[in-house]
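Enquirer: Sharing a structure, written as structure tokens. Questions coming.
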Amino acid sequence: MEIENKKPSLTEEEKTLFEKLMPEDMNEISALGVQRRHFLKLITLTGGALFVFQMLDRHQIFAQSSVDPALNIVKAGSIENSVNVAFRVNGARKALEVDSRMTLLDALRERLELTGSKKGCDHGQCGACTVIVDGRRILSCLTLAATCEGKSVTTIEGLAKRGALHPVQAAFIKHDGFQCGYCTPGQICSAVALMTEAKNGEASYVTANVRAKATSLQLSDDEIRERMSGNICRCGAYPNIIAAIKEVHSGKDVVQTWQFTGENNQPTFTTGG
Amino acid sequence: MRPFKFSSTKDPNSAIKMLMDNTNAKFLAGGTNILDLMKEDVERPDELIDITSLHFTQIKTISEGTNKGGISIGGLSKNTDTANDPVIRRDFPLLTQAILAGASAQIRNMATNGGNLNQRTRCSYFYDTAMPCNKREPGTGCGAREGINRMHAIFGWTNNCVAVHPSDMCVALVALDAVVIVIGTDGKSRAIPFADYHRLPGDTPHKDNNLVPGELITSVEIPKNNFAGNSYYLKVRDRASYAFALVSVAAALEINGNQIKQVRIAMGGVAHKPWRAIEAEKFLLGKSASNENFKQAAEAEMQHAKPLEHNKFKVELGKRAIIRALTQAMNGGTNS
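Chains as they are written, first to last, in my numbering: chain A, 1 to 273; chain B, 274 to 609.
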């Protein structure tokens, strides 16, 4: 279908726009009006411009939430129901102005650029967001950033010291304690806290006798499974995770064993050892 | 999540005043349940009052009054600290076992005792805002009554609501005759026997408990008992850990010779409130601790069960769980 040529009846603003975007076509447009090819060209150019603006905009958002080195305060412009909160993350003091709804997980990931802690279910069912707050493992997805005033947060990024991996991190690598790796930061933070809990003699649901006083527990595989049950691994790397934790916990090399089970859970074949 | 104002205070009376000043405000303690419900748009407060700075975090032996020699646990003590308190582990191991049967280490580190009592049901129809639910929106009906009700109640339900209370800790507390201590708008304390704290659904399932507006849990008191050597918490669930109970049983015995001098049995996962198994207790009192008597006690309780379409299995499961929990309790209450 032919597009009917229009007489050049552009407004001043339209003229300026065409001049800016398509200066080489201006004479033609002035003489013959806007044609289909001009229109398509214009669409392409403005589309591209929008994309660039979007990128710029995004860049500005990142710039806005980046840390001011002088004050170490992260600002995010005007926020509804904003709360000012200051806490330590991996030893460094951070001061933030947050939306009251912002979870600790989102504050870490979106505002402090610590994306190691993962958002899995965001409902406290998977453990991927596990971090250590004041020495205790907690779920950062069910913790409001606003409630962290004065607290000390350790994330997966804060476990390695002076370039040396935390022993649990090293053991996860040695024992291949992951496949896709998404649950791993949570698994490792959880396991690190578990070591302290065992050292303090804390009980679990499978502890043989909760009435018995205990310190420096030596945890069985069943104990490790129970104590790590808040961290789900969809790849099913559990045997490797247990081996890694057991090795660090016991201080002895762990070799994985496996077996087929038949009727009545009787092993029919065993290997390893 | 909908926008809300974040408030906090260190003073209990001002916390209560803040709550009374705004009918859409809620207290925030551990947050493990309410934040989840707010993300799901089930709870819609326009203000959260952070009460974690209040001083109700002590765990101490009660030195006077009717519960002298018992233990008082702070409403804002963490589940983990309560479960691992040395006196509770030694003298109230049933409570330790029950707390440790619930949730995960991370959640127990966050969750408070008061919050554990006040957590909402995990009924999937309550959580799904596209479904009718008399608990969430009174008058809309019950999706679970004729729906998928495998996880639901077998005792005390009505056509208005067949949800169950999700707590493990509360099952032990009702078995141990605990008392909930609250303060109200007048600043005075009130003691609520644990069995009267939670409600059956009746025609007001939106009310989980008998708190009056403005009341705040300060502590839970457990009277002294002689159950420490013979108690056990058994939880049966779809996976070995980190799942809500299909059926759970708190069993506590005081045995003299072979005769049962005192007995407490309570069940979780079977009713809108932690279910005290009165019939089973009545049957066992004064009888000998034997497998045969445990069986008959379980029958006595479960004959009153009214299962729904998908949870008939809970009746037989409940019987077996009662027998096994009592047997474990009789044998010293350990896992070995």
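Backbone N, C-alpha and C fix where the C-beta goes; we use that ideal spot for every residue, glycine too.
Can you check whether the C-beta of isoleucine 380 of chain B is within less than 8 Å of a C-beta belonging to chain A?
Expert: yes
Enquirer: Quick one: using the 10 Å Cβ neighbour count with 16 as the cut-off for buried, is arginine 317 of chain B buried or exposed?
Expert: exposed
Enquirer: Using DSSP bridges, identify the partner residues of glycine 347 of chain B.
Expert: B/Ser492
Enquirer: Measure from the C-beta of glutamate 80 of chain A to each C-beta in chain B and report whether the shortest distance is under 8 Å.
Expert: At least one chain B Cβ lies under 8 Å of glutamate 80 of chain A.
Enquirer: Where leucine 557 of chain B and phenylalanine 500 of chain B are concerned, what is the direct C-alpha to C-alpha distance, given to the nearest angstrom?
Expert: 15 Å
Enquirer: Provide the residue(s) that pair with histidine 471 of chain B in DSSP beta bridges, ordered along the chain.
Expert: B/Asn482
Enquirer: Output needed for glutamate 80 of chain A: all residues of its chain with C-beta closer than 7 Å, excluding positions within five of it in sequence on either side, in chain order.
Expert: Asp99
Enquirer: Along chain B, in chain order, which residues have C-beta atoms closer than 7 Å to that of glycine 124 of chain A?
Expert: Thr305, Asp309, Ile380
Enquirer: Leaving out the 5 sequence neighbours to the left and right, which residues in its chain are closer than 8 Å to isoleucine 421 of chain B when beta-carbon positions are compared?
Expert: Ser397, His583
Enquirer: Excluding the 5 residues preceding and the 5 following proline 578 of chain B in the sequence, name in chain order all residues of the same chain whose CB lies nearer than 8 Å to its CB.
Expert: One point to set straight first is that residue 578 of chain B is alanine, not proline, in the sequence displayed. If we look at alanine 578 of chain B and ignore the five residues flanking it on each side, its Cβ neighbours are Ile427, Phe428, Val543, Lys587, Val588, Gly591.
Enquirer: Given that leucine 144 of chain A touches chain B, what residues does it touch there, using C-beta distances under 9 Å?
Expert: The answer, in chain order, is Phe279, Leu301, Gly304, Leu308, Leu321, Asp323.
Enquirer: Per DSSP, valine 192 of chain A forms a beta bridge with which residues?
Expert: According to DSSP, which records beta bridges pairwise, valine 192 of chain A is partnered with nothing at all.
Enquirer: To the nearest angstrom, how far is it from the Cα of isoleucine 307 of chain B to the Cα of leucine 105 of chain A?
Expert: 17 Å
Enquirer: So, are the CB atoms of isoleucine 465 of chain B and leucine 489 of chain B less than 8 Å apart?
Expert: The Cβ-Cβ distance between isoleucine 465 of chain B and leucine 489 of chain B does not fall below 8 Å.
Enquirer: For cysteine 406 of chain B, which three-state DSSP category applies?
Expert: DSSP places cysteine 406 of chain B in strand when its eight states are reduced to three.
Enquirer: Does the beta carbon of tyrosine 515 of chain B sit closer than 8 Å to a beta carbon anywhere in chain A?
Expert: yes
Enquirer: So, does the CB of alanine 374 of chain B fall closer than 8 Å to a CB anywhere in chain A?
Expert: yes
Enquirer: Counting along the chain, where does the alpha helix (DSSP H) carrying isoleucine 621 of chain B start and finish?
Expert: Not covered by the structure: residue 621 of chain B. The range shown for chain B is 274 to 609.
Enquirer: So is alanine 571 of chain B buried or exposed if we call it buried at 16+ other beta carbons inside 10 Å?
Expert: Classification of alanine 571 of chain B: buried, given that the 10 Å Cβ count is 16 or more.
Enquirer: Looking at the structure shown, is glutamine 64 of chain A part of a helix, part of a strand, or coil, going by DSSP?
Expert: In this prediction, glutamine 64 of chain A has a pLDDT of 45, which is less than 50 and means its spatial position is unreliable; nothing more can be read from the coordinates.
Enquirer: Within this structure, are the beta carbons of phenylalanine 279 of chain B and valine 83 of chain A separated by less than 8 Å?
Expert: yes
Enquirer: May I have the straight-line CA-CA distance separating arginine 362 of chain B from threonine 413 of chain B, to the nearest angstrom?
Expert: 44 Å
Enquirer: Would you say leucine 108 of chain A lies against chain B (beta-carbon separation less than 8 Å)?
Expert: no
Enquirer: For cysteine 443 of chain B and aspartate 294 of chain B, I'd like the C-alpha separation in whole angstroms.
Expert: 30 Å
Enquirer: Put proline 466 of chain B into one of helix, strand or coil per three-state DSSP.
Expert: strand
Enquirer: Taking 8 Å as the threshold (beta carbon to beta carbon), is arginine 58 of chain A in contact with chain B?
Expert: In this prediction, arginine 58 of chain A has a pLDDT of 48, which is less than 50 and means its spatial position is unreliable; what the coordinates show is noted afterwards. Not an interface residue.
Enquirer: Three or more C-beta pairs closer than 8 Å, one from the segment 506-513 of chain B and one from the segment 473-489 of chain B: is that the case here?
Expert: no
Enquirer: Check this for me: beta carbons of glycine 135 of chain A and threonine 196 of chain A, under 8 Å apart or not?
Expert: yes
Enquirer: Expressed to the nearest angstrom, what Euclidean distance is found between the alpha-carbon atoms of arginine 88 of chain A and alanine 302 of chain B?
Expert: 21 Å
Enquirer: Assuming alanine 615 of chain B and leucine 599 of chain B are in contact, meaning their beta carbons sit under 8 Å apart, how far apart are those beta carbons, in whole angstroms?
Expert: Residue 615 of chain B is absent from the model: chain B starts at 274 and stops at 609.
Enquirer: Between the Cα of lysine 546 of chain B and the Cα atoms of B/Arg537, B/Tyr470, B/Ile533, which residue gives the shortest distance?
Expert: Among B/Arg537, B/Tyr470, B/Ile533, the Cα nearest to that of lysine 546 of chain B is on B/Tyr470.
Enquirer: Could you spell out the range, first to last residue, of the beta strand (DSSP E) harbouring glycine 541 of chain B?
Expert: 532-541
Enquirer: Within 10 angstroms of its Cβ, does cysteine 180 of chain A collect 16 or more other Cβ (buried), or is it exposed?
Expert: exposed
Enquirer: Does any residue of chain A bring its CB to less than 8 Å from the CB of arginine 363 of chain B?
Expert: yes
Enquirer: Give the residues of chain B in contact with asparagine 209 of chain A, contact being defined as C-beta atoms less than 9 Å apart.
Expert: Pro366, Gly605, Gly606, Thr607, Asn608, Ser609
Enquirer: On the three-state DSSP scale, how would you describe cysteine 443 of chain B?
Expert: helix
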